[in-house]
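**Student:** What follows is a structure written as C-alpha coordinates; I'll ask about it next.
Residue numbers (the working numbering): 313 to 517.
The following block contains the structure:
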(Lines of atoms letter the chains of each structure in order from A; the text may use other names.)
(Lines give C-alpha, C1' and ligand atoms only; values in the text may rest on other atoms or scores of the structure.)
Protein backbone atom coordinates (compact mmCIF):
# COMPACT_ATOMS: atom_id res chain seq x y z
CA UNK A 313 0.00 0.00 0.00
CA UNK A 314 1.23 3.47 -0.90
CA UNK A 315 0.46 5.94 1.87
CA UNK A 316 0.77 9.66 1.19
CA UNK A 317 1.07 11.77 4.34
CA UNK A 318 0.45 15.48 3.77
CA UNK A 319 1.84 17.09 6.91
CA UNK A 320 4.28 19.94 7.58
CA UNK A 321 5.38 19.08 11.13
CA UNK A 322 8.52 16.87 11.17
CA UNK A 323 7.66 15.34 14.55
CA UNK A 324 4.24 14.23 13.30
CA UNK A 325 5.80 12.79 10.15
CA UNK A 326 8.32 10.88 12.25
CA UNK A 327 5.46 9.59 14.38
CA UNK A 328 3.62 8.39 11.29
CA UNK A 329 6.74 6.57 10.05
CA UNK A 330 7.12 4.87 13.43
CA UNK A 331 3.43 3.97 13.46
CA UNK A 332 3.68 2.08 10.16
CA UNK A 333 7.24 0.81 10.55
CA UNK A 334 6.01 -2.68 11.38
CA UNK A 335 3.85 -2.91 8.25
CA UNK A 336 6.09 -4.30 5.49
CA UNK A 337 3.44 -3.66 2.88
CA UNK A 338 3.22 0.09 3.57
CA UNK A 339 5.33 2.55 1.60
CA UNK A 340 5.04 6.06 3.06
CA UNK A 341 5.40 9.15 0.90
CA UNK A 342 5.73 12.63 2.41
CA UNK A 343 4.40 15.98 1.23
CA UNK A 344 4.87 19.10 3.36
CA UNK A 345 2.52 21.39 1.40
CA UNK A 346 -0.68 21.23 -0.63
CA UNK A 347 1.34 21.98 -3.77
CA UNK A 348 3.70 19.07 -3.11
CA UNK A 349 0.70 16.85 -2.34
CA UNK A 350 -0.83 17.57 -5.74
CA UNK A 351 2.40 16.49 -7.44
CA UNK A 352 2.67 13.35 -5.28
CA UNK A 353 -0.96 12.48 -5.91
CA UNK A 354 -0.34 12.61 -9.65
CA UNK A 355 3.07 10.91 -9.71
CA UNK A 356 2.63 8.29 -6.98
CA UNK A 357 -1.12 7.46 -7.15
CA UNK A 358 -1.31 6.60 -3.42
CA UNK A 359 -3.84 4.09 -2.14
CA UNK A 360 -4.59 6.22 0.93
CA UNK A 361 -3.82 9.87 1.64
CA UNK A 362 -3.61 11.36 5.13
CA UNK A 363 -4.11 15.15 5.06
CA UNK A 364 -3.42 17.56 7.90
CA UNK A 365 -6.22 20.09 8.17
CA UNK A 366 -3.79 23.05 8.42
CA UNK A 367 -1.17 23.32 5.70
CA UNK A 368 1.29 26.16 5.04
CA UNK A 369 -0.22 26.94 1.65
CA UNK A 370 -3.87 26.06 2.07
CA UNK A 371 -6.66 24.20 3.80
CA UNK A 372 -6.56 20.45 4.16
CA UNK A 373 -10.33 20.40 3.79
CA UNK A 374 -10.12 22.24 0.46
CA UNK A 375 -7.39 19.84 -0.67
CA UNK A 376 -9.54 16.87 0.31
CA UNK A 377 -12.46 18.23 -1.69
CA UNK A 378 -10.16 18.82 -4.66
CA UNK A 379 -8.72 15.29 -4.60
CA UNK A 380 -12.14 13.65 -4.28
CA UNK A 381 -13.58 15.86 -7.03
CA UNK A 382 -10.73 14.86 -9.35
CA UNK A 383 -10.99 11.20 -8.36
CA UNK A 384 -14.21 10.03 -6.66
CA UNK A 385 -12.36 6.85 -5.62
CA UNK A 386 -9.70 8.78 -3.68
CA UNK A 387 -9.36 7.50 -0.13
CA UNK A 388 -8.59 10.36 2.23
CA UNK A 389 -8.09 10.47 5.99
CA UNK A 390 -8.24 13.97 7.48
CA UNK A 391 -5.86 14.47 10.42
CA UNK A 392 -6.39 17.37 12.84
CA UNK A 393 -5.34 18.79 16.19
CA UNK A 394 -9.01 19.41 16.91
CA UNK A 395 -11.51 16.81 18.04
CA UNK A 396 -14.56 19.01 17.42
CA UNK A 397 -17.35 17.05 15.71
CA UNK A 398 -18.17 20.03 13.50
CA UNK A 399 -14.80 19.70 11.75
CA UNK A 400 -15.33 15.96 11.40
CA UNK A 401 -18.68 16.58 9.71
CA UNK A 402 -17.05 19.12 7.40
CA UNK A 403 -14.30 16.65 6.50
CA UNK A 404 -16.80 13.91 5.63
CA UNK A 405 -18.84 16.39 3.59
CA UNK A 406 -15.64 17.20 1.67
CA UNK A 407 -15.31 13.51 0.79
CA UNK A 408 -12.96 12.16 3.46
CA UNK A 409 -13.44 8.54 4.52
CA UNK A 410 -12.14 9.21 8.01
CA UNK A 411 -11.42 11.97 10.50
CA UNK A 412 -8.75 11.40 13.14
CA UNK A 413 -7.78 13.72 15.98
CA UNK A 414 -4.11 14.06 16.88
CA UNK A 415 -5.26 14.29 20.50
CA UNK A 416 -6.56 10.74 20.48
CA UNK A 417 -4.84 7.36 20.65
CA UNK A 418 -1.88 7.31 18.20
CA UNK A 419 -3.07 3.93 16.92
CA UNK A 420 -6.34 5.53 15.81
CA UNK A 421 -4.55 6.81 12.71
CA UNK A 422 -3.22 3.35 11.87
CA UNK A 423 -6.68 1.82 12.35
CA UNK A 424 -8.21 4.53 10.16
CA UNK A 425 -5.67 4.12 7.34
CA UNK A 426 -6.03 0.34 7.27
CA UNK A 427 -9.84 0.55 7.33
CA UNK A 428 -9.89 3.10 4.51
CA UNK A 429 -7.38 1.03 2.50
CA UNK A 430 -9.84 -1.87 2.69
CA UNK A 431 -12.53 0.34 1.20
CA UNK A 432 -14.23 1.22 4.46
CA UNK A 433 -14.35 4.25 6.71
CA UNK A 434 -13.27 4.95 10.28
CA UNK A 435 -14.36 7.44 12.95
CA UNK A 436 -14.04 6.97 16.70
CA UNK A 437 -17.21 5.86 18.50
CA UNK A 438 -17.28 8.99 20.69
CA UNK A 439 -17.00 11.27 17.69
CA UNK A 440 -19.70 9.40 15.79
CA UNK A 441 -22.13 9.99 18.66
CA UNK A 442 -21.29 13.70 18.83
CA UNK A 443 -21.62 14.07 15.06
CA UNK A 444 -25.02 12.36 15.14
CA UNK A 445 -26.17 14.73 17.88
CA UNK A 446 -25.13 17.78 15.89
CA UNK A 447 -26.78 16.51 12.72
CA UNK A 448 -30.00 15.87 14.60
CA UNK A 449 -30.07 19.48 15.78
CA UNK A 450 -29.33 21.26 12.53
CA UNK A 451 -28.91 20.82 8.81
CA UNK A 452 -25.40 22.28 8.86
CA UNK A 453 -22.70 23.63 11.09
CA UNK A 454 -23.67 27.28 10.74
CA UNK A 455 -27.28 26.59 11.76
CA UNK A 456 -26.13 25.78 15.28
CA UNK A 457 -25.04 29.37 15.94
CA UNK A 458 -27.40 32.23 16.69
CA UNK A 459 -27.15 35.50 14.79
CA UNK A 460 -25.46 37.22 17.74
CA UNK A 461 -23.04 34.33 18.18
CA UNK A 462 -22.04 34.75 14.53
CA UNK A 463 -21.46 38.46 15.13
CA UNK A 464 -19.43 37.85 18.29
CA UNK A 465 -17.36 35.18 16.54
CA UNK A 466 -16.57 37.43 13.58
CA UNK A 467 -15.55 40.27 15.90
CA UNK A 468 -13.34 37.98 17.97
CA UNK A 469 -11.67 36.84 14.76
CA UNK A 470 -10.93 40.50 13.97
CA UNK A 471 -9.17 40.84 17.31
CA UNK A 472 -11.85 42.68 19.29
CA UNK A 473 -11.96 42.08 23.04
CA UNK A 474 -15.15 41.01 24.81
CA UNK A 475 -15.46 44.49 26.36
CA UNK A 476 -15.13 46.12 22.93
CA UNK A 477 -17.68 43.73 21.44
CA UNK A 478 -20.14 44.47 24.25
CA UNK A 479 -19.80 48.18 23.57
CA UNK A 480 -20.05 47.76 19.77
CA UNK A 481 -23.27 45.71 19.83
CA UNK A 482 -24.79 47.48 22.85
CA UNK A 483 -25.07 44.55 25.24
CA UNK A 484 -23.49 43.88 28.63
CA UNK A 485 -20.04 42.37 29.04
CA UNK A 486 -21.72 39.48 30.88
CA UNK A 487 -23.86 38.75 27.81
CA UNK A 488 -20.83 38.61 25.51
CA UNK A 489 -18.96 36.43 28.02
CA UNK A 490 -21.93 34.03 28.07
CA UNK A 491 -21.99 33.99 24.25
CA UNK A 492 -18.28 33.16 24.18
CA UNK A 493 -18.76 30.35 26.69
CA UNK A 494 -21.58 28.92 24.56
CA UNK A 495 -19.46 29.24 21.40
CA UNK A 496 -16.60 27.34 23.02
CA UNK A 497 -19.07 24.59 23.96
CA UNK A 498 -20.62 24.41 20.49
CA UNK A 499 -17.23 24.41 18.76
CA UNK A 500 -15.67 22.08 21.34
CA UNK A 501 -12.87 24.59 21.94
CA UNK A 502 -10.86 24.94 25.12
CA UNK A 503 -9.80 28.57 24.60
CA UNK A 504 -11.01 31.59 22.66
CA UNK A 505 -8.03 31.39 20.29
CA UNK A 506 -8.79 27.74 19.55
CA UNK A 507 -12.44 28.68 19.02
CA UNK A 508 -11.46 31.29 16.44
CA UNK A 509 -9.10 28.84 14.72
CA UNK A 510 -11.86 26.25 14.45
CA UNK A 511 -14.26 28.89 13.15
CA UNK A 512 -11.76 29.83 10.45
CA UNK A 513 -11.31 26.17 9.48
CA UNK A 514 -15.10 25.78 9.27
CA UNK A 515 -15.32 29.04 7.30
CA UNK A 516 -17.77 30.47 9.84
CA UNK A 517 -15.90 33.80 9.80
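All C-beta atoms, glycine included, are put in the ideal place defined by N, C-alpha and C.
Please return the same chain residues whose Cβ sits closer than 7 Å to the Cβ of residue 435, not counting the five positions on each side in sequence.
**Tutor:** 400, 410, 411
**Student:** How far does the beta strand (DSSP E) with residue 343 in it reach, from first residue to last?
**Tutor:** Annotation: the continuous beta strand (DSSP E) that includes residue 343 extends over 339-343.
**Student:** Where residue 421 and residue 483 are concerned, what is the direct C-alpha to C-alpha distance, given to the nearest angstrom?
**Tutor:** 45 Å
**Student:** Between the Cα of residue 459 and those of 384, 471, 481, spot the shortest distance and give me the residue it belongs to.
**Tutor:** 481
**Student:** So, do the stretch 506-516 and the stretch 387-401 have three or more beta carbon pairs nearer to each other than 8 Å?
**Tutor:** yes
**Student:** Rounding to the nearest angstrom, what Cα-Cα distance links residue 372 and residue 378 in this structure?
**Tutor:** 10 Å
**Student:** Are there 16 or more other CB atoms within 10 angstroms of the CB of residue 376, so buried, or fewer, so exposed?
**Tutor:** Under this definition residue 376 is a buried residue.
**Student:** Assuming the contact rule is C-beta atoms closer than 8 Å, residue 369 and residue 345 should be a hit. Round their C-beta distance to whole Å, please.
**Tutor:** The Cβ separation is near 5 Å, so the contact holds.
**Student:** With a CB to CB cut of under 6 Å and the five nearest residues on each side skipped, what residues in its chain are close to residue 338?
**Tutor:** 313, 315, 332
**Student:** Work out the CA separation of residue 499 and residue 510 for me, nearest whole Å.
**Tutor:** Using only the alpha carbons, I get a separation of about 7 Å.
**Student:** By a C-beta neighbour count over all protein chains shown, 10 Å radius and 16 as the cutoff for buried, is residue 478 buried or exposed?
**Tutor:** buried
**Student:** Identify every run of the alpha helix (DSSP H) within the stretch 389-438, keeping only runs that are complete inside it and at least 4 residues long; order them along the chain.
**Tutor:** Within the stretch 389-438, the complete alpha helix (DSSP H) runs of at least 4 residues are 397-405, 419-429.
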